[in-house]
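Structure record follows, encoded as structure tokens.
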Ligand code: COA
């Protein structure tokens, strides 16, 4: 573990905390690797009944660390991000997201694979893939359309605009909005309630709710292929260069 992911088990609940608050908890490949390992261990550990995913400081996660991502693009099914997201998508026990601030890119995508999500009132969400010359990932092109309907999914994925907690609640991406000073206690209470349920019945219920996992897995593969192609694009280079130069990207030449 690098210290950029804090993994703690208490009362049957594993809390996974992205811990790079000075970078808005942008996720490095090493963090995906740590989080993937923690999930794998937790799935096999009968004493872990529930997982909570959250972030340190004022952010949930600003998504992929763009520098790391460009220098070490995730290629192939064994890349840490794939191991983490596959582990999350296939996780057999309940997962609760505590969105304590900004949740961008994979920070929002993760929520589609959690069973419950609670957020603070000033949480901000965004799927900016198209702005970065990328495409949706980890079945978000399928799951968002399911959560929101095709029109609103197109809006989020083709315009890539940010939206707030009230909108996320209305879209069905959140169970509830909770004041910042109550989020941890509220999520702990939900996790405790889940941890007290009969574990096999809970796992079976989750499996039934996700009975179409094959379709999700197929979409993940399709998206990964297109995403991999986009990673080689000059459009992506321009988008990322512009981010670090703190200027608007210029796609007029493409
Ligand atoms: N990758 C790498 N560094 C990131 C990052 C990311 N995804 N998101 C934020 N950071 C860094 C910034 O570069 C900045 O570093 P610095 O202090 O060394 O300059 C620091 O985190 C704080 O970010 P800042 O942009 O100043 O904070 P903000 O509150 O104004 O905005 C965000 C927060 C998340 C809205 C904004 O940082 C952002 O849009 N980040 C990029 C999100 C993104 O495109 N993610 C990838 C999706 S695939």
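In my numbering, the protein residues as written are 9 to 262.
Glycine included, C-beta positions come from ideal geometry on N, C-alpha and C.
{"Check": "Is residue 128 closer than 7 Å to residue 67 when the C-beta atoms are compared?", "Outcome": "no"}
{"Check": "Since residue 74 and residue 141 should fall inside the 8 Å C-beta cutoff, what is the C-beta to C-beta distance between them, to a whole number of angstroms?", "Outcome": "Not confirmed; about 12 Å, so no contact."}
{"Check": "Could you please go through the chain and list the residues whose beta-carbon is closer than 6 Å to any non-hydrogen atom of the ligand COA?", "Outcome": "31, 32, 34, 70, 71, 72, 73, 74, 75, 110, 112, 113, 136, 140"}
{"Check": "Starting from residue 16, follow the beta strand (DSSP E) in both directions and report where the run begins and ends.", "Outcome": "13 to 18"}
{"Check": "Are residue 199 and residue 103 touching if we call contact CB-CB under 7 Å?", "Outcome": "no"}
{"Check": "Between the alpha carbons of residue 168 and residue 133, how many angstroms are there, rounded?", "Outcome": "10 Å"}
{"Check": "CB-CB under 6 Å to residue 91, same chain, minus the five flanking residues each way: which ones, in chain order?", "Outcome": "44"}
{"Check": "Between 30, 183, 16, which has its C-alpha nearest residue 42's C-alpha?", "Outcome": "16"}
{"Check": "Determine the contact status of residue 28 and residue 14, defining contact as a CB-CB distance below 7 Å.", "Outcome": "no"}
{"Check": "Nearest to residue 65 by alpha carbon, out of 56, 252, 106, 50?", "Outcome": "106"}
{"Check": "Give the straight-line distance between the Cα atoms of residue 191 and residue 12, rounded to the nearest whole angstrom.", "Outcome": "21 Å"}
{"Check": "Assign residue 134 to one of three DSSP states: helix, strand, or coil.", "Outcome": "strand"}
{"Check": "Counting Cβ pairs closer than 8 Å, one from the region 69 to 84 and one from the region 92 to 101, do we hit at least three?", "Outcome": "no"}
{"Check": "Using the Cα positions of residue 216 and residue 72, report the straight-line distance between them to the nearest angstrom.", "Outcome": "31 Å"}
{"Check": "Throw me the rounded Cβ distance for the residue 250 and residue 242 pair, which I believe falls under 8 Å.", "Outcome": "Incorrect: roughly 13 Å between the Cβ atoms, too far for contact."}
{"Check": "Is residue 251 helix, strand or coil when you go by DSSP?", "Outcome": "helix"}
{"Check": "Near residue 150, which residues of its chain fall below 6 Å by C-beta distance, leaving aside the five closest residues on each side in sequence?", "Outcome": "227"}
{"Check": "Counting along the chain, where does the alpha helix (DSSP H) carrying residue 289 start and finish?", "Outcome": "The chain is shown only over 9 to 262; residue 289 falls outside these bounds and no answer can be derived."}
{"Check": "Between residue 29 and chain D, is the shortest Cβ-Cβ distance under 7 Å, so that the two count as touching?", "Outcome": "Given the protein chain composition of this structure (a single chain), no chain D is represented."}
{"Check": "Going along the chain, which residues of its own chain have a beta-carbon closer than 6 Å to the beta-carbon of residue 246, five neighbours each way excluded?", "Outcome": "257"}
{"Check": "Roughly how many angstroms lie between the CA atoms of residue 76 and residue 248, to the nearest whole one?", "Outcome": "11 Å"}
{"Check": "Quick test of your reading: residue 156 and residue 137, contact by CB under 8 Å. State the CB separation rounded to the nearest angstrom.", "Outcome": "Not a contact, Cβ separation roughly 16 Å."}
{"Check": "Take the Cβ of residue 39 as the centre, count every other Cβ of all protein chains shown within 10 Å, and call the residue buried at 16 or more, exposed below.", "Outcome": "buried"}
{"Check": "How should residue 231 be labelled, buried or exposed, when 16 other C-beta atoms within 10 angstroms of its C-beta is the threshold for buried?", "Outcome": "buried"}
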